[in-house]
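Presented below is the structure to which this report refers.
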Amino acid sequence: MIASTIDPTLPFIDLHRHLEGSIRPGTVLDLARQHNVPLPADDLEGLHPYLVATLPQPGLMAFIAKIDLRITVLANLDACYRIAYEAVEDAAREGIDYLELRLSPAYMARPHQLNPADVVAAVADGTRAGARDFALRVNLIGILSRTYGLDACRQEFEALVEHAEVITALDLAGDEAAWPADLFTDHFQRARDLGWHITAHAGEAAGPESVWLALRNLGAERIGHGLRAREDPALVDYLVEQRIGLEVSLTSNVQISAVSDYVHHPLKNYVDRGVLVALNTDDPAVSNIDLSHEYTHAAQAAGLSPAQIHQIQRNALEMAFLTPEEKAQLLHK
Ligand SMILES: [Zn+2]
29 MIASTIDPTL PFIDLHRHLE GSIRPGTVLD LARQHNVPLP ADDLEGLHPY
79 LVATLPQPGL MAFIAKIDLR ITVLANLDAC YRIAYEAVED AAREGIDYLE
129 LRLSPAYMAR PHQLNPADVV AAVADGTRAG ARDFALRVNL IGILSRTYGL
179 DACRQEFEAL VEHAEVITAL DLAGDEAAWP ADLFTDHFQR ARDLGWHITA
229 HAGEAAGPES VWLALRNLGA ERIGHGLRAR EDPALVDYLV EQRIGLEVSL
279 TSNVQISAVS DYVHHPLKNY VDRGVLVALN TDDPAVSNID LSHEYTHAAQ
329 AAGLSPAQIH QIQRNALEMA FLTPEEKAQL LHK
C-alpha cells in the first residue's frame, strides 16, 4: 500500500538495498531448521532482538552483526537462490517499480565455505526468476566487503568478474573507518573497464575525506549515504555541480547512530541545496521498514515537503543505473 505523499505517476525506486539485509526472519528460521544451524533462539519472537535493529545501535558494526547472524543460514546455493527470489517478491509487493539489489558474494559464502562465484550465479538465477514472476525490473550490484581485508576483496572481485554479465555496478561496503577506499583503486579501475557503474559507501562511518576518496580514487558516480559530506562545503558544491547522487537511508542512519534522529538528518539540507539525493531502504528486514515507510514517515519526520518528496522520486530515476531508454520506459509504464 503506497501512501498519498508518493506520486503514483512517477516510478517508485529503491537503489540501495542489501540482499543480506533483506532476508525474511521466517526464512532465517526455516533454513536454520533445515540445515541444523544453531541460532540464539528457536522461534521468531525470541530471534527478533538478534535480527532486528529497533533502537539506535552503538555503531555500524553492531548493526552489521544482525546481518552476520542472518547469513549463517546460507548453507547451500539453494538458500542463496531462495533469499534472492524472496527479496524480489517482497520488493514487488511494496509497489517498487525498479530495484537495484546488492550482494557481497564472499560475505554470503563465508559461513559455509560456498564458492563465491557460485553464490553470484545462484543469486542472479533467483533474481531473474523473481523478476519474471513478479514483473519487476531488477539490476544487481556487486559489493566488495572491505571488513575482511584486501585478499578477501580480491577474491570477491574475481567472483563477480566470473559472472560479469549479471552485474551492473560495483560497490564498496563494510568497515569504512578501518579500510579507506584508496586501497581498492585497482579493482574499481577494472570494474570501469568492464563497463560497470560505480557506487561506494562513504561518509557514513568516516568523514568527508572518505567521500573524496570514493570520488577521486574509485570514480564513484553515486555515494552510499554521504552523511558527513555536509562537513565540507566544497564537497557539497562538487556533488551538486557533478550531479553525484547520494543514496540516503534515513532509518538505517538513525539506527546505526550516525545521526541522533530523523530531524537532525542532513537530508533536507541536501535537498534545499540542490544535491541529487534518493531515498532507499538499505537493509529493510534488519530495520523492519519498507520503502513506503521511508518516503512517508521518515521523510516527513526529516522535514521534507510533499514537493521535495516527489523531487526525490525523480532524483532516483535520474540516479538509476539504467540507459535513457530504460528510464523512459519506467516513466511511461
Ligand atoms: Zn548500504
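The numbering of the sequence shown is this note's numbering, which starts it at 29 and goes up by one.
Backbone N, C-alpha and C fix where the C-beta goes; we use that ideal spot for every residue, glycine too.
Residue i - DSSP class collapsed to helix/strand/coil
i: Glu48; result: coil
i: Gly231; result: coil
i: Gly331; result: coil
i: Asp300; result: helix
i: Ile337; result: helix
i: Leu319; result: helix
i: Asp311; result: coil
i: Leu295; result: helix
i: Leu67; result: coil
i: Leu43; result: strand
i: Ala31; result: Unreliable placement is indicated for Ala31, whose pLDDT of 49 sits below 50; the coordinate value is still reported in the next sentence. Note: Ala31 maps to coil in three-state DSSP.
i: Leu75; result: helix
i: Leu178; result: helix
i: Asn343; result: helix
i: Ala286; result: coil
i: Ala159; result: helix
i: Ala326; result: helix
i: Pro36; result: coil
i: Phe185; result: helix
i: Ala348; result: coil
i: Glu269; result: helix
Given residue i as reference, the closest of the options once Cα atoms are compared
i: Asp300; options: Leu332, Ala115 and Val282; result: Leu332
i: Gly154; options: Leu131, Gln141 and Arg174; result: Leu131
i: His140; options: Val65, Pro294, Arg271 and Leu278; result: Val65
i: Gln339; options: Asp318, Leu295, Pro261 and Thr82; result: Leu295
i: His191; options: Ala157, Gln357, Thr227 and Asp146; result: Asp146
i: Leu345; options: Arg271, Tyr298, Leu105 and Asp289; result: Arg271
i: Glu275; options: Ala134, Thr309, Asp318 and His225; result: Thr309
i: Gly123; options: Tyr135, Ala152 and Phe40; result: Phe40
i: Asp265; options: Pro352, Gly302 and Asp125; result: Gly302
i: Arg138; options: Ala159, Asp118 and Cys108; result: Cys108
i: Asp199; options: Glu259, Ala242 and Asn104; result: Ala242
i: Leu211; options: Leu267, Ala152 and Tyr176; result: Tyr176
i: Met347; options: Ala206, Ala180, Tyr126 and Tyr290; result: Tyr126
i: Ser8; options: Pro84, Asp35, His76 and Ala69; result: Missing from the structure shown is residue 8; the chain here goes from 29 to 361 and no further.
i: Ser315; options: Ala228, His76, Ala69 and Gln62; result: His76
i: Gln357; options: Arg244, Asp70, Arg165 and Leu59; result: Arg165
i: Glu237; options: Pro208, His215, Ala248 and Asp179; result: Pro208
For residue i, the first and last residue of its enclosing alpha helix (DSSP H)
i: Ser173; result: Counting along the chain, Ser173 falls outside any alpha helix (DSSP H), though it belongs to the beta strand (DSSP E) covering Arg165 to Ser173.
i: Val56; result: Pro53 to His63
i: Glu354; result: Pro352 to Leu359
C-beta atoms of residue i and residue j nearer than 9 Å
i: Gly223; j: Ile251; result: no
i: Thr55; j: Val116; result: no
i: Ile99; j: Ala313; result: no
i: Leu38; j: Gln341; result: yes
i: Thr324; j: Thr82; result: no
i: Val148; j: Ile195; result: yes
i: His362; j: Leu304; result: This structure cannot settle anything about residue 362, because the visible part of the chain is limited to 29 through 361.
i: Ala201; j: Ile171; result: yes
i: Glu232; j: Leu263; result: no
i: Asn167; j: Ala120; result: no
i: Phe91; j: Ser280; result: yes
i: Leu47; j: Ile111; result: yes
i: Phe349; j: Glu204; result: no
i: Ala150; j: Gln183; result: no
i: Ala327; j: Gln336; result: yes
i: Glu259; j: Gly235; result: yes
i: Tyr78; j: Leu88; result: no
i: Ala329; j: Tyr290; result: yes
i: Arg45; j: Asp311; result: yes
Range covered by the beta strand (DSSP E) that runs through residue i
i: Leu274; result: Gly273 to Val276
i: Val305; result: Val305 to Leu307
3 or more residues per run - each beta strand (DSSP E) lying fully within the stretch 187–263: 195–201, 225–230 and 250–253
Runs of beta strand (DSSP E) lying entirely within the stretch 78–156, each at least 3 residues, in chain order: 126–131
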